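Sequential numbering of the sequence shown, starting at 4, is according to this note's numbering. All C-beta atoms, glycine included, are put in the ideal place defined by N, C-alpha and C. Note that the structure is predicted; figures quoted are calculated from it, not measured.
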Amino acid sequence: MISAPLVVGYGNPLRGDDGLGWEIVRSLAEKHGEDYAHFIAAHQLAPEIAEHVAAAGLVIFVDAAAHEPPGSITCRKVSANADDTRPATHHMTPEAVLTMARVLYGKEPETWLYTINGMCFDVGASLSGVVSPKVEEVSWLIASQIDDYVKTMERTTAHA
């Protein structure tokens with residue numbers, strides 16, 4: 004049996020581009036349905052997400068960033084960090100959530116973080132014109148990654 008993929012979009016949907024994680028989760032859920040993957044939209048990462056991470060075979064986090072030119076997309080592999088044993092704080096990272104999943108549940112699924120660099124984080128703003136078209140692009144990238152994961156797992160299961 005294939006462990007379902009998990010997509011976690013996080014940020015504040017009431018602060019412009021910070022809500023892009025929520026938009027991507029909504030877009031994927033509407034387009035592909037709940038049988039395709041599990042979806043979580045959250046204001047911030049929290050310890051209870053570790054249980055969902057541990058149950059997944061593939062985890063994809065989606066967040067806004069502000070350290071590169073607006074609209075630029077990055078994707079990087081996330082690894083649990085043995086040194087990251089600090090108590091849960093107000094600002095958990097994907098690495099901290101993955102570490103909790105490993106420590107508490109003995110699971111460390113393949114995990115990735117997609118970020119889109121935002122331009123406007125003002126209260127009450129909607130997604131900026133720079134970020135809005137990137138939602139569809141990143142949704143497509145994530146769907147392709149999920150499709151590849153499912154195909155690989157199906158081949159592995161068929162040969163077992």
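#### Entry: Nearest residue (CA-CA) to Tyr-39, options Val-81, Leu-61, Tyr-108
Numbered from its first residue, the sequence shown carries residue 39 at position 36. With distances taken between Cα atoms, Tyr-39 lies closest to Leu-61.
### Contacting residues, own chain, Cβ-Cβ under 8 Å from Gly-70 (five flanking each side not counted)
Position 67 of the sequence shown, counting from 1, holds the residue named residue 70. Contrary to the premise, residue 70 reads as His rather than Gly in this sequence. Counting only Cβ-Cβ distances below 8 Å, and skipping sequence neighbours, we find Asn-120.
### Task
Taking 8 Å as the cut-off, decide whether the C-beta atoms of Pro-112 and Val-56 are in contact.
Translated into positions along the sequence shown, residue 112 becomes position 109. Translated into positions along the sequence shown, residue 56 becomes position 53. Yes, these two residues count as a Cβ contact at 8 Å.
### Message
Within a Cβ cutoff of 6 Å, which residues of the same chain sit near Arg-29, ignoring the five residues on either side of it in sequence?
### Response
The residue labelled residue 29 in the question sits at position 26 within the sequence shown. Excluding positions up to five away in sequence, the list is empty.
### Query
Under three-state DSSP, which class holds Leu-107?
For the purposes of this step, residue 107 is identified with residue 104 of the sequence shown, where counting begins at 1. Helix.
### Message
Going by DSSP in three states, Glu-113 sits in which element: helix, strand or coil?
### Response
Locating residue 113 in the sequence shown gives position 110, counting from the first residue. Strand, per DSSP.
### Task
Starting from the C-beta of Thr-114, find all residues in its chain whose C-beta is less than 6 Å away, skip the five residues before and the five after it, and write them out in chain order.
Taking the first residue of the sequence shown as 1, we reach residue 114 at position 111. Only Val-62, Val-81, Leu-101 meet the Cβ criterion.
### Query
Could you give the residue range of the alpha helix (DSSP H) that holds His-35?
To locate residue 35, count along the sequence shown from 1; it is residue 32. 23-35 is the extent of the alpha helix (DSSP H) around His-35.
### Task
State the start and end residues of the unbroken alpha helix (DSSP H) segment that holds Arg-18.
Here residue 18 refers to the residue found at position 15 when the sequence shown is read from its first residue. Per DSSP, Arg-18 belongs to no alpha helix (DSSP H) and is neither H nor E.
### Query
Going by DSSP, what residues sit across from Arg-79 in a beta bridge?
Working through the sequence shown from its first residue, we reach residue 79 at position 76. Leu-116, per the DSSP bridge assignment.
### Task
Given a cut-off of 8 Å, decide if Ala-146 and His-35 are closer than it, judged by their beta-carbon atoms.
Here residue 35 refers to the residue found at position 32 when the sequence shown is read from its first residue. Here residue 146 refers to the residue found at position 143 when the sequence shown is read from its first residue. Closer than 8 Å, so yes.
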